[in-house]
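Working notes for the structure below.
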Amino acid sequence: MTSIGVITFPGSLDDRDAQRAVRLAGATPVALWHGEHDLRGVDAIVLPGGFSYGDYLRCGAIASLSPIMAEVIDAAAKGMPVLGICNGFQMLTEAHLLEGGLIRNDHGSFICRDQRLRVENTSTAWTNGFVAGSEITIPLKNGEGSFIASAETIARLEGEGRVAFRYVDVNPNGSLNDIAGISNARGNVVGLMPHPEHATEEGFGPDTALAMRNGTDGLTVFTSAIAAFVSA
Amino acid sequence: MPVIVVEVMPKPELLDPQGKAVAGALHRLGKSGIAGVRIGKRFEVTVDEVTDAVLAEVTQLADDMFSNSVIEDVVSIVVEPSPTRA
Chain F
1349 MTSIGVITFP GSLDDRDAQR AVRLAGATPV ALWHGEHDLR GVDAIVLPGG
1399 FSYGDYLRCG AIASLSPIMA EVIDAAAKGM PVLGICNGFQ MLTEAHLLEG
1449 GLIRNDHGSF ICRDQRLRVE NTSTAWTNGF VAGSEITIPL KNGEGSFIAS
1499 AETIARLEGE GRVAFRYVDV NPNGSLNDIA GISNARGNVV GLMPHPEHAT
1549 EEGFGPDTAL AMRNGTDGLT VFTSAIAAFV SA
Chain U
137 MPVIVVEVMP KPELLDPQGK AVAGALHRLG KSGIAGVRIG KRFEVTVDEV
187 TDAVLAEVTQ LADDMFSNSV IEDVVSIVVE PSPTRA
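From first to last, the protein sequence lines are chains F and U. The numbering used here puts the first residue of the first sequence at 1349, with every later residue one more than the last. The numbering used here puts the first residue of the second sequence at 137, with every later residue one more than the last.
Shown next as structure tokens:
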């Protein structure tokens, strides 16, 4: 069975939610610890949300220098699927696995809402199960989620189709080009600020037209990664 | 022991919401002569001694760890003399 590791850092909050999402998607979640140099043979990795090291220095900066990140960077270079959610996305930019950076929301406030997104690229390891251009709703909760990069980097990301998710209806934090998530050139590393792991089980997700808290739009992020191993 | 002071600022072209919030408060207090505020970081790195090698190492750390060149600039690296204490 496919196993997906979820790394816990000091200050991670959504590690157990991510493990649950992995289980609901049909894979075996494996708890990994930031202080070890051991990926325990997992097939893919999730860097979960939270406030690692209290957001000291910069969000995700100290976590990106953790012992296990050496193995994550090596595995990513070999093509292993790596997903960074929220604080995990911030870690991926700090580790230079993804371009750009995340700064404080332009309005200065923490924001928590069910956020509509458009899936822009369905060829990445974490989005291949979506229909191109489909719109999904998953929770967004952050204080420093404003995606920025140089004009050249933004043009390259757009030109190479590496914007994986884009905010729809509302740009909640001032992100350039409404960018909610991006991938690396190979498509195995994806980072996004909103939280797919919080929309994976009916009764515990965003409201839908059908029923309260019924949204499970985030599940496909995890099943996408698993599909590659099942079909391989 | 000597201290190397590294100062890091958000890139000038980027919005600095912290500075903007402080400037907004100042305007509400009637400080009309203040046009803007930007907030950065100051690192005081205590070292055993200042040598060219140590300075080079701290300069490297300033670029690689204390700042993120995507969003910030290292604006100064200054050696402060050891404070004389009784």
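Using N, Cα and C, we set each Cβ at its ideal position, and we do this for glycine too. Computed from a prediction, not measured in an experiment: that's the story for all the values here.
(request) Count the other C-beta atoms from every protein chain shown that fall within 10 angstroms of the C-beta of U:Gln-196, then say buried if there are 16 or more, exposed otherwise. (result) exposed
(request) Report the residues of the segment 1495-1514 of chain F with a CB closer than 7 Å to any CB of chain U, ordered along the chain. (result) Ile-1496, Ala-1497
(request) List the endpoints of the continuous alpha helix (DSSP H) containing F:Glu-1384. (result) Segment: none, F:Glu-1384 is in no alpha helix (DSSP H) and carries neither H nor E.
(request) Specify, as a first and last residue, the run of the alpha helix (DSSP H) that F:Arg-1534 falls within. (result) Looking at the DSSP string, F:Arg-1534 is not in any alpha helix (DSSP H), and its letter there is neither H nor E.
(request) Give the range of the beta strand (DSSP E) segment to which U:Glu-216 is assigned. (result) 208-216
(request) Given a cut-off of 9 Å, decide if F:Leu-1372 and F:Ile-1433 are closer than it, judged by their beta-carbon atoms. (result) no
(request) Please state whether DSSP places F:Asp-1462 in a helix, a strand or coil. (result) Three-state DSSP puts F:Asp-1462 in a strand.
(request) Starting from F:Val-1354, follow the beta strand (DSSP E) in both directions and report where the run begins and ends. (result) 1351-1356
(request) State the Cα-Cα distance for the pair U:Ala-222 and U:Leu-191, rounded to the nearest angstrom. (result) Model confidence at U:Ala-222 stands at a pLDDT of 48, short of 50, so the residue's coordinates are unreliable and nothing is read from them.
(message) So if I threshold CB-CB distances at 8 Å, which residues from the segment 1407-1425 of chain F count as touching chain U?
(response) Ala-1409, Leu-1413
(request) Determine whether the Cβ of U:Leu-165 lies closer than 9 Å to any Cβ atom of chain F. (result) It does not; no Cβ of chain F falls within 9 Å.
(request) Confirm, please, whether the CB-CB distance from F:Phe-1513 to F:Ile-1527 is below 9 Å. (result) Yes. Within cutoff.
(request) Assign F:Glu-1545 to one of three DSSP states: helix, strand, or coil. (result) helix
(message) Using 9 Å as the threshold, is the C-beta distance between F:Ile-1496 and F:Ile-1451 below it?
(response) Contact flag set, yes.
(request) State yes or no: is the beta carbon of F:Ile-1527 nearer than 9 Å to at least one beta carbon in chain U? (result) no
(message) Let's see if you can read the secondary structure: which residues bound the beta strand (DSSP E) around F:Asn-1490?
(response) Segment 1483-1490, the beta strand (DSSP E) holding F:Asn-1490.
(message) Counting beta carbon pairs with one atom in the segment 1349-1366 of chain F and one in the segment 1380-1400 of chain F, are three or more of them shorter than 8 Å?
(response) yes
(request) Ignore the nearest five residues each way along the sequence and tell me which others in F:Asn-1536's own chain have a CB closer than 7 Å to its CB. (result) Ala-1424, Gly-1427, Met-1428, Pro-1429, Val-1430, Ala-1473
(message) On a Cα-Cα basis, can you pick out the residue from F:Thr-1556, F:Ala-1443, F:Trp-1381 that is closest to F:Thr-1356?
(response) Taking the Cα of F:Thr-1356 as reference, the smallest distance to any Cα among F:Thr-1556, F:Ala-1443, F:Trp-1381 is reached at F:Trp-1381.
(message) Please list, in chain order, the residues of the segment 205-218 of chain U that have any C-beta partner in chain F closer than 7 Å.
(response) Val-206, Ile-207
(request) Report the residue from F:Cys-1460, F:Val-1511, F:Thr-1376 whose alpha carbon sits nearest the alpha carbon of F:Leu-1540. (result) F:Val-1511
(message) Against chain F, does U:Met-201 count as a neighbour if the rule is that its beta carbon must be under 9 Å from one of theirs?
(response) Any Cβ of chain F closer than 9 Å to the Cβ of U:Met-201 would place that residue at the interface, and such an atom is present.
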